[in-house]
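Asker: Next up is a structure, given as structure tokens.
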Amino acid sequence: MPTSTMNTSSFLLQAHHLSGGPAGLSIIEHLNFNCPPGVSWICGDEGTGKTTLLRLLAGDMPPTSGSVTVPAGGVFWTDLQATAHDHTTVQACWDALRKRYPNWSDALQDELAHALDMHTHRHKRLNMLSTGSRRKVMVIAALTSGATVTLLDQPFGGLDLASIRVIKDFLREAADHPHRAWLVADYEAPRDVPLASVLNLDATL
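Going by the numbering used here, the final residue of the sequence shown carries number 222, and the count climbs one at a time with no gaps.
In structure tokens:
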């Protein structure tokens with residue numbers, strides 16, 4: 018069974034006996050999870066359902082059973098890896114997402130675009146970008162959204178060390194936020210980032 022450790026702060030998002038997966042498969046089974054403010058880490062081996070869980074929490078995938086209680090400020094999730102987005106420009110992606118998140122920060126978007134060296138790629142189509150740059154488009158949107166809960170799926174994959182430092186610096190500052198949460202799904206914990214909770218999906222641990 019998945020194991021979870023957390024602090025005692027008030028919870029921003031809750032999963033109640035949650036089950037689900039692609040094509041109705043129950044990759045996630047009867048999961049109870051309480052997400053506190055700050056940065057939380059969702060870990061587990063390949064195939065344990067990290068991405069599936071994020072999609073269930075975001076409402077991007079319907080559960081087969083159970084429910085998710087979401088905060089008034091919304092949950093951010095996006096996956097721009099699909100080929101359906103190939104001919105969309107970077108700026109068009111951000112513009113479309115901005116309409117869904119009323120607390121989106123244009124100033125932070127510009128700051129992160131420069132820090133992650135994406136400001137000169139705004140008008141490129143996604144299929145013109147490297148895997149790492151395409152991931153940066155999603156990470157910038159996630160950190161800029163202003164959502165109460167932000168879901169990050171392997172945010173460091175394919176990135177250079179300088180870009181990883183920028184994202185970790187952001188998460189270190191975010192760790193103390195009293196009213197927002199960032200859930201990072203990855204194989205390893207973001208080093209030097211204080212964690213509010215850990216959810217281990219690996220049933221062998």
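Glycine is no exception: its CB is placed at the ideal position from the N, C-alpha and C atoms.
Just so you know, these numbers come straight off a predicted model, no measurement behind them.
Which residue marks the beginning of the alpha helix (DSSP H) containing Trp199, and which one marks its end?
Answerer: Note, Trp199: premise wrong, no alpha helix (DSSP H); beta strand (DSSP E) at 198-202.
Asker: Evaluate contact between the segment 117-134 and the segment 198-212, counting only Cβ atoms and requiring at least three cross-stretch pairs below 8 Å.
Answerer: In short, these stretches do not touch, since the Cβ pair count stays below three.
Asker: Could you pull the start and end residues of the alpha helix (DSSP H) that Leu74 belongs to?
Answerer: Looking at the DSSP string, the run of the alpha helix (DSSP H) that includes Leu74 is 67-75.
Asker: From the DSSP output, in three-state form, read off Asp123 for me.
Answerer: Of the three classes helix, strand and coil, the one that applies to Asp123 here is helix, per DSSP.
Asker: Assign Ser57 to buried or exposed, taking buried as 16 or more other Cβ atoms, counted over all protein chains shown, within 10 Å of its Cβ.
Answerer: It counts as buried.
Asker: Taking 7 Å as the limit between beta carbons, can you name the residues of its chain near Gly175, skipping five residues before and five after?
Answerer: Taken in chain order, the residues that qualify are Thr148, Gly149, Arg152.
Asker: Is Phe187 helix, strand or coil by DSSP?
Answerer: Looking at Phe187 - three-state DSSP - the assignment turns out to be helix.
Asker: Applying the 10 Å Cβ sphere with the 16-neighbour rule, what's the burial state of Thr22?
Answerer: Its pLDDT being 48, under 50, Thr22 is placed unreliably by the model, and the measurement read from it follows with that caveat. Burial call: exposed.
Asker: Considering Leu97, what are the terminal residues of the beta strand (DSSP E) in which it resides?
Answerer: That residue, Leu97, is in no beta strand (DSSP E); it is neither H nor E in DSSP.
Asker: His140 by DSSP, collapsed to three states: which one?
Answerer: Coil.
Asker: Give me the residue from Pro79, Gln31, Glu190 with the minimum Cα distance to Gly37.
Answerer: Cα-wise, what sits closest to Gly37 is Pro79.
Asker: Taking the alpha-carbon positions, what's the Thr137 to Ser180 distance?
Answerer: Distance between the alpha carbons of Thr137 and Ser180 is about 15 Å.
Asker: So, does the segment 64-74 touch the segment 83-101, judging by three or more C-beta pairs under 8 Å?
Answerer: Because the criterion of three Cβ pairs below 8 Å is met, the segment 64-74 and the segment 83-101 touch.
Asker: On the CB-based measure, 16 or more other CB atoms within 10 Å of its CB, does Ala32 come out buried or exposed?
Answerer: Ala32 comes out buried.
Asker: Helix, strand or coil for Ile181 per DSSP?
Answerer: Looking at Ile181 - three-state DSSP - the assignment turns out to be helix.
Asker: Using the Cα positions of Gly83 and Pro53, report the straight-line distance between them to the nearest angstrom.
Answerer: Approximately 20 Å, taken between the alpha carbons.
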